[in-house]
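> Structure provided below as structure tokens; questions to follow.
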Amino acid sequence: MTGDPRVTRIARRVGVALLLLYTAAWLVTRATRGPTRAIPDIQGHADVQVVPDTLTVMTLNLAHGRSTGFHQLLTSNRRLRDNLEAVAAVMNREGPDVVAVQEADGPSVWSGRFDHVEYVADAAGYPVHLRGDHVLGPRLRYGTALISRYALHDPLSVTFPPTPPTFSKGFVVARLDHPRWPDGLDIVSIHLDFARSRVRGAQIDRLIEVLRERRRPVLIMGDFNMTWKAGNDLQRLADTLALESFEPEARLITFPTTGARLDWILVPRELAIEEYRVLDDVVSDHRGVVARLRVR
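Right, here's the structure in full:
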């Protein structure tokens with residue numbers, strides 16, 4: 036018994052189209068991978084060098100400035116700026132000392148051709164910022180970033196190995212001078228792969244490797260694209276680097292689309308979490324997270 040030749044031809048064409056699409060995505064994602072390691076420029080200057088005993092931090096995926104829009108390419112330049120100004124307004128209200136952001140664009144053709152991190156920092160009145168480009172191609176650059184009231188030092192941007200067909204991910208880290216630690220405290224903004232747990236595990240291995248090289252206590256914030264489960268890679272990261280989060284198994288939704296807690300703040304055990312909140316503001320497809328920390 037033979038099948039309908041017309042159905043067979045359609046199936047073959049669909050298969051070829053999918054193969055071509057995957058191949059194109061594979062080539063593009065490899066060609067646009069940012070540098071494996073780079074020293075990002077620290078923009079601006081802060082008069083205050085050492086932070087006080089109490090530190091407030093925040094993490095937010097900027098979603099390329101589109102807020103909850105379908106795609107940044109379909110979002111007008113004015114709307115992109117309005118969305119980022121809304122982020123700045125949240126920062127002004129919450130008053131974090133350091134903000135970690137992800138999907139943070141430099142001048143890119145698909146998101147208005149301006150530096151989103153610089154725009155948010157200026158709009159919120161923050162004197163210092165840096166961005167690491169994990170995706171870098173013709174008229175396209177974005178990655179993770181830090182925005183700070185205080186001076187940042189010893190910056191590093193790390194891009195993870197290519198993960199076709201998804202775009203590259205990575206993290207930035209910089210030292211914050213802190214009275215608790217003579218050698219300072221490393222602050223990380225990270226974004227992990229959204230599609231495959233195996234890839235996220237390898238990315239966490241790389242994160243641990245780099246942070247161990249720096250030999251400092253560390254505070255990690257970002258879009259981990261995973262929830263907390265016993266024995267999973269997120270818990271492994273926390274255990275390996277002696278980090279804690281606030282009620283890790285609590286249902287604090289940061290990605291309403293799936294009802295999951297994907298965005299985390301992991302702090303060294305020498306810092307007590309006095310307050311931890313998921314914000315209600317709709318300025319991205321993710322929700323911002325704010326934590327107020329105090330030296331124990």
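Read in order, the letters of the sequence shown are residues 36 to 331 in my numbering. Even glycine gets a Cβ: it sits at the ideal position worked out from N, Cα and C.
1. Nearest-angstrom Cα distance between D88 and I300?
2. Among L220, R128 and R247, whose alpha-carbon lies nearest the alpha-carbon of R210?
3. May I ask you to report which of helix, strand or coil DSSP gives N96?
4. Taking R249 as the reference, which of G205, D258, L276 and Q270 has the closest Cα?
5. Could you check what DSSP says for Q238 in three-state terms: helix, strand or coil?
6. In this structure, how does DSSP classify D212 when only helix, strand and coil are distinguished?
7. Round the Cβ separation of G147 and L115 to the nearest angstrom and send it over; I've been treating them as touching at under 8 Å.
8. Short check: CB of G69 to CB of S203, under 8 Å?
9. Enumerated in chain order, which unbroken segments of the alpha helix (DSSP H) with a length of 4 residues or greater are wholly contained in the segment 77-162?
10. Could you have a look at A180 and say whether DSSP puts it in helix, strand or coil?
11. Which residue comes first and which comes last in the alpha helix (DSSP H) that contains D274?
12. May I ask which residues mark the beginning and end of the beta strand (DSSP E) holding P188?
13. Going by C-alpha to C-alpha distance, which of V330, I288, V325 and S319 sits closest to A307?
14. Would T67 pass as a contact of L191 if the rule is Cβ separation under 8 Å?
15. Is the beta carbon of A81 less than 8 Å from the beta carbon of Y185?
16. Identify the residues that DSSP records as bridge partners of W299: which are they?
17. So, are the CB atoms of H164 and Q78 less than 8 Å apart?
18. Which residue from F149, T179 and R174 puts its Cα closest to that of D168?
19. Since I believe V207 is in contact with L181 (beta carbons under 8 Å), could you give me their beta-carbon distance rounded to a whole number of angstroms?
20. Which whole-angstrom value describes the C-beta separation of V223 and L269, a residue pair presumed to lie in contact below a C-beta threshold of 8 Å?
21. Sort out for me which residues DSSP pairs E284 with in a bridge.
22. Excluding the 5 residues preceding and the 5 following V313 in the sequence, name in chain order all residues of the same chain whose CB lies nearer than 6 Å to its CB.
23. Per DSSP, what kind of secondary structure is S224 in: helix, strand or coil?
24. Could you name the residues of the same chain whose beta carbon sits closer than 8 Å to that of L272, not counting the 5 residues immediately before and after it, in chain order?
25. Could you check how far apart the C-beta atoms of V133 and L95 are, in whole angstroms? I think they sit under 8 Å.
26. Going by beta carbon distance, what residues of the same chain come within less than 7 Å of H151, once the five residues before and after it are set aside?
27. Can you give the Cα-Cα distance for R296 and S102, rounded to whole angstroms?
28. Is the distance from the Cβ of Q107 to the Cβ of D212 below 8 Å?
29. Between which two residues does the beta strand (DSSP E) harbouring Y311 extend?
Straight from the coordinates:
1. Cα to Cα, D88 sits roughly 18 Å from I300.
2. L220
3. strand
4. The shortest C-alpha separation from R249 is found at L276.
5. helix
6. strand
7. 5 Å
8. Yes. Within cutoff.
9. The qualifying runs are 112-129 and 151-159.
10. strand
11. D268 to T275
12. Looking at the sequence provided, one finds His at residue 188 rather than Pro. From DSSP, the beta strand (DSSP E) with H188 extends over H188 to T194.
13. V330
14. no
15. yes
16. G257
17. Pairing H164 with Q78 gives a Cβ-Cβ distance under 8 Å.
18. Taking only the C-alpha atoms, the option nearest D168 is T179.
19. Confirmed, about 6 Å.
20. With a Cβ gap of about 14 Å, V223 and L269 do not count as contacting.
21. E284 is bridged by DSSP to nothing; it lacks a bridge partner.
22. L287, T289, R322 and V324
23. Correct three-state label for S224: strand.
24. Excluding positions up to five away in sequence, the list reads I239, L242, I243, I255, L278 and L301.
25. 12 Å between Cβ atoms; not a contact.
26. L97, G100, L119, A139 and D140
27. 18 Å
28. No, Cβ-Cβ distance for Q107 and D212 is not below 8 Å.
29. L306 to V313
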